[in-house]
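Visitor: Heads up, the sequence shown is in the working numbering, so the first residue is 25 and it goes up one at a time.
What follows is a single structure, and I will ask about it in a moment.
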Amino acid sequence: MLHRGGDRARAAARGDADRGDRRSVSLAQAHAVTLIELGLYFALLSLLTFGGVSSVIPEMQRYIVDVKGWTTAADFMNLFAVAQAAPGPNVLFTSLIGYRVAGIAGSVVALLGLCVPAAALTWVVSTLWERVGDSPWRNIIRRALAPVVVGLTFAGGYIIATPHTPDWRLWLIALATAAGVLRTRVNPLWLLAGGAVLGGLLL
């Protein structure tokens, strides 16, 4: 009896260990799939970033928040605010999104996915750009891209300014800060700092 009981206990322990191993493998596979999705998405997105990361904020929010559900709209806007407040380029926002989705590996994958294809495309286009010289196509392309950049930037601004749950108090702070910049001679940095402090206290 004791021998049978010991066998059953060992079998149960082995079963639990096997289930734990399978669960670990499943989590690792899901993490790998997420990293692949993240890298491919940002690589594709990098080809649309005319004028910087801010121009693709609407598309980024649509995919990351609405389609994949990797984060909430509020967290998305908070990460954008942190990236804007931190020193450095706007592309830092990408690494924050990647970290939110898949940790440090996600941060690296998202950043490389956004930067490497765009850098390669820029190098190729700049080489061709010099070859065409004074071709009228240069002015045509430049004029065609201008409204695209403006439209994408305005769309990104609209997404940022109209969250799912707008807070009228933050709107008042933003309007008061803008009025102070336009109407007074106070250093804008002090006004922006004051607005940031008030906004932080309300959040």
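Ideal Cβ positions, reconstructed from N, Cα and C, are used throughout, including at glycine.
#1: What are the start and end residues of the alpha helix (DSSP H) that includes valine 148?
#2: Is the closest heavy atom of the ligand SAM to the C-beta of valine 115 under 7 Å?
#3: Taking DSSP as the reference, what is the three-state secondary structure of phenylalanine 100?
#4: Would DSSP call glycine 93 helix, strand or coil?
#5: Rounded to the nearest angstrom, what separates valine 221 and arginine 209 at their Cα positions?
#6: Using the three-state DSSP reduction, which class does threonine 73 fall into: helix, strand or coil?
#7: Between tyrosine 123 and tyrosine 87, which are expected to be in contact by the criterion C-beta below 8 Å, what is the C-beta distance as a whole number of angstroms?
#8: Let me make sure I understand the geometry here. Which of Asn114, Val91, Lys92, Gln85 has the alpha-carbon closest to that of phenylalanine 100?
#9: Considering only their Cβ atoms, is the gap separating glycine 63 from glycine 137 smaller than 8 Å?
#10: For arginine 167, which three-state DSSP category applies?
#11: By how many angstroms is the C-alpha of threonine 73 removed from the C-alpha of cysteine 139?
#12: For alanine 1, does the three-state DSSP call read helix, strand or coil?
#13: At the level of alpha carbons, what is the spacing between alanine 109 and proline 160?
#14: Alpha carbon to alpha carbon, how far is glycine 223 from tryptophan 214?
#15: Just the C-alpha distance for glycine 130 and leucine 59, rounded to the nearest angstrom, thanks.
#16: Using the rule of at least 16 other Cβ atoms within 10 Å of the residue's Cβ for burial, across every protein chain shown, is threonine 151 buried or exposed?
#17: Between Ala105, Val133, Val115, which has its C-alpha nearest histidine 55's C-alpha?
#18: Measure the Cβ-Cβ separation of alanine 142 and serine 78 and say whether it is below 8 Å.
#19: Suppose you measure from the CA of valine 149 to the CA of alanine 97; what does that come to, to the nearest Å?
#20: Go ahead and pull the three-state DSSP assignment for serine 159.
#21: At which residues does the alpha helix (DSSP H) containing valine 205 begin and terminate?
#22: Assuming contact is defined by CB atoms lying nearer than 8 Å, are isoleucine 197 and glycine 219 in contact in what I supplied?
Guide: Looking at the coordinates:
#1: Here residue 148 refers to the residue found at position 124 when the sequence shown is read from its first residue. 116-156 is the span of the alpha helix (DSSP H), which, as asked, contains valine 148.
#2: As for the ligand SAM, it is missing from this structure, which has no ligand bound.
#3: Indexing the sequence shown from 1 puts residue 100 at position 76. Phenylalanine 100: helix per DSSP, three-state reduction.
#4: In the sequence shown, residue 93 corresponds to position 69, counting from 1. If DSSP states are grouped into helix, strand and coil, glycine 93 belongs with coil.
#5: Position 197 of the sequence shown holds residue 221. Position 185 of the sequence shown holds residue 209. Between valine 221 and arginine 209, the C-alpha separation is close to 20 Å.
#6: Taking the first residue of the sequence shown as position 1, residue 73 is located at position 49. Threonine 73: coil per DSSP, three-state reduction.
#7: Here the question's residue 123 lines up with position 99 in the sequence shown. Here the question's residue 87 lines up with position 63 in the sequence shown. 17 Å between Cβ atoms; not a contact.
#8: Here residue 100 refers to the residue found at position 76 of the sequence shown. Closest by alpha carbon: Gln85.
#9: Numbered from its first residue, the sequence shown carries residue 137 at position 113. Numbered from its first residue, the sequence shown carries residue 63 at position 39. Closer than 8 Å, so yes.
#10: Here residue 167 is taken as the residue at index 143 of the sequence shown, counted from 1. In this structure, arginine 167 counts as helix in the three-state DSSP scheme.
#11: Along the sequence shown, one-based indexing puts residue 139 at 115. Along the sequence shown, one-based indexing puts residue 73 at 49. Whole-angstrom Cα-Cα distance: 10 Å.
#12: In the structure displayed, the chain extends from 25 to 227; residue 1 sits before or after that span and is not available.
#13: Here residue 109 corresponds to residue number 85 of the sequence shown, with the count starting at 1. Here residue 160 corresponds to residue number 136 of the sequence shown, with the count starting at 1. Roughly 41 Å separates the two Cα atoms.
#14: Position 199 of the sequence shown, counted from the start, is the residue given in the question as residue 223. Position 190 of the sequence shown, counted from the start, is the residue given in the question as residue 214. Those two C-alpha atoms are separated by around 14 Å.
#15: By one-based count along the sequence shown, residue 130 stands at place 106. By one-based count along the sequence shown, residue 59 stands at place 35. Rounded to the nearest angstrom, the two C-alpha atoms are 6 Å apart.
#16: In the sequence shown, counting from the first residue as 1, residue 151 sits at position 127. Counting Cβ neighbours within 10 Å, threonine 151 comes out exposed, since fewer than 16 surround it.
#17: Counting from one through the sequence shown, the residue named residue 55 turns up at place 31. Among Ala105, Val133, Val115, the Cα nearest to that of histidine 55 is on Val133.
#18: For this step, residue 142 is matched to residue 118 along the sequence shown. For this step, residue 78 is matched to residue 54 along the sequence shown. The answer is no: Cβ separation not under 8 Å.
#19: Locating residue 149 in the sequence shown gives position 125, counting from the first residue. Locating residue 97 in the sequence shown gives position 73, counting from the first residue. Cα to Cα, the separation comes out at about 35 Å.
#20: Within the sequence shown, numbered from 1, the residue matching residue 159 stands at position 135. Note: serine 159 maps to coil in three-state DSSP.
#21: Taking the first residue of the sequence shown as 1, we reach residue 205 at position 181. 192-207 is the span of the alpha helix (DSSP H), which, as asked, contains valine 205.
#22: Numbered from its first residue, the sequence shown carries residue 197 at position 173. Numbered from its first residue, the sequence shown carries residue 219 at position 195. Yes.
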